[in-house]
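Worksheet: the structure to be examined is printed underneath.
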Amino acid sequence: MNHSRNTLLILLVCSVMSLLLGPVVILMGALSVNSAFIGGALLIIGALGLYAGMKALDPGE
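Quick note on numbering: the UniProt record's numbering labels position 47 of the sequence shown as 47, and the sequence is numbered without any gaps.
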């Protein structure tokens with residue numbers, strides 16, 4: 001797939017921000033179930049976005 005570098009950079013930046021905000025949301029919510037769910041979702045979304053962005057930058061094959 002052909003993506004512009006700017007789009008990939010935005011994806012990577014948002015993914016890293018999501019990875020950083022996940023634990024903050026969990027701790028700011030005093031480890032409640034709702035904050036753990038939202039923080040966990042942020043971590044998963046950030047990890048998947050980071051993987052997709054890095055894969056798109058260097059497909060390897």
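Backbone N, C-alpha and C fix where the C-beta goes; we use that ideal spot for every residue, glycine too.
A direct Cα-Cα distance of roughly 22 Å separates residue 14 from residue 34. Counting every other CB atom within 10 Å of its CB across the protein chains shown gives residue 25 a total of 16 or more, marking it as buried.
CA-CA distance, residue 31 to residue 45, rounds to 19 Å. Just measuring C-alpha positions, the residue of 57, 58 and 53 sitting nearest residue 12 is 53.
Residue environment analysis places residue 4 among the exposed positions, since fewer than 16 neighbouring C-beta atoms fall within 10 angstroms of its C-beta.
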